Structures are given as structure tokens and as C-alpha cells.
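Going by this note's numbering, the sequence shown opens with residue 3, and the numbers climb by one from there. Notes for the one structure printed next.
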Amino acid sequence: MSNNKLQLATFGGGCFWCTEAVFQDVKGVEKVVSGYSGGNVPGHPTYREICSGLTGHAEVVQVTFDTSQISYQDILIIFMTTHDPTTLNKQGADRGTQYRSVIYYHNDAQKSTAEVVVKQVGEHYENPVVTEVTALNVFYEAEKEHQDYYRNNQEQGYCSFVITPKLAKLRALHADKLKP
3 MSNNKLQLAT
13 FGGGCFWCTE
23 AVFQDVKGVE
33 KVVSGYSGGN
43 VPGHPTYREI
53 CSGLTGHAEV
63 VQVTFDTSQI
73 SYQDILIIFM
83 TTHDPTTLNK
93 QGADRGTQYR
103 SVIYYHNDAQ
113 KSTAEVVVKQ
123 VGEHYENPVV
133 TEVTALNVFY
143 EAEKEHQDYY
153 RNNQEQGYCS
163 FVITPKLAKL
173 RALHADKLKP
């Protein structure tokens, strides 16, 4: 990355289509890539393998953001408040370890910030937060058809019934952090 103000954030909060759509609208976000991380099987997994639950990977997004426009802390707060970080291995009707809530940190500063944000945000939930905070080992980019999914498939039922309400929640909670 040529701009020293650009950083990466990697996390999973259920289906990557939802998380990708949320962060594409955030001010200071340069790029969002859907992918997989956290697995125990070597090599680049496929979506089908991930869905089996046998690889141990989570559906994640990797967000490139400009720190002069938005902080890592704000990115994490948006992440933690636009999915349910209190449900283990599920988001809505999506169930399995690939849908777990996880923050993959890229350095010690991100780890410290993530631990603080998880604790602070957790105080606002009735149930305990189960979001993992762990070092990023490797990120695998998902197949082309999973990139820009919401933008390319808004008429699809899943997008209408699951993603559109998440975007409404994003606008309600974080309007000041969104692109015009």
C-alpha cells in the first residue's frame, strides 16, 4: 500500500455478503474484499468447502481504510454494532462455524484496540459477546461471484430480507460515518 494512511482490517460477522455491503458505505473505506480466514486446512478453500464447515474457515471481509478519515476503533464499533456478536457460530438463519464473529488483527496495536472495543461494546448487550480476537494468519480472496454481491444482486431475496435491513441499521446508528 503506497499511502501510509491506509490500513487493513479483517473480520467476520456472519455472511460476508452482509459485512461487505455495510463497509462499502463507510466514509474512508477504500476497498472491501470478501474472503476466508482462520481455517485449519492448508491451501485456498472454495466457497463450497467453506459451507461444508469442515475447513474451519470463517467468511470474512478485508477492509482497506484511510486512517485520516476513519479510525480502526470506529471501524470496529461499526462492525460490532451491525451484526450480533453474542451468538456463537450463527447470524440470523445462517448457522455454522463459517459464520462466527471474529476480529483478525494485523498487529499488536489492532489487537489492543479490538480487545478494548469488544469489552466496551459488550457492556451494551444483554448476552455475553462471543467475538474472537485472534491474529490473522492468512486471507484468501473469495470467488469473483462473491465480490460486490449486494450491489450486483439487490433484487435477490437474501439481499432484500437480510442485507437491506442491516444497511438501514447502519444508517440509523452511524449516519455520521457514511459516504454521502
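Beta carbons are placed, not taken as given, at the ideal position from N, Cα and C, and that holds for glycine. The model shown is predicted, which means the values in this text are computed figures rather than measured ones.
(message) Considering only the alpha carbon of each residue, which of Val34, Val140, Leu8, Ile165 lies closest to Thr69?
(response) Leu8
(message) Is the separation between the beta-carbon of Val104 and that of Phe13 shorter than 9 Å?
(response) yes
(request) Please confirm whether Tyr107 and Val62 have their CB atoms less than 9 Å apart. (result) no
(message) So for Leu138, helix, strand or coil by DSSP?
(response) coil
(message) On the CB-based measure, 16 or more other CB atoms within 10 Å of its CB, does His148 come out buried or exposed?
(response) buried
(request) Kindly list the residues whose CB is nearer than 6 Å to the CB of Gly40, restricted to its own chain and excluding five residues on each side of it in sequence; keep chain order. (result) His59, Ala60
(message) Pairs of beta-carbons, one from the segment 71-84 and one from the segment 25-35, closer than 8 Å: are there three or more?
(response) yes
(request) State the DSSP-derived secondary structure class of Ala170, mapped to helix, strand or coil. (result) helix
(request) Report the rounded CA-to-CA distance for Tyr49 versus Ala111, giving the unit in angstroms. (result) 31 Å
(request) Answer with buried or exposed for Gln122, where buried requires no fewer than 16 other C-beta atoms within 10 angstroms of its C-beta. (result) exposed
(request) Following the continuous alpha helix (DSSP H) through Glu22, name the residue where it begins and the one where it ends. (result) 18-26
(message) Using only the alpha-carbon positions, how far apart do Tyr186 and Thr88 sit?
(response) Nothing in the structure corresponds to residue 186, since the chain is present only between 3 and 182.
(request) Would you identify the three-state DSSP class for Thr89, choosing helix, strand or coil? (result) coil
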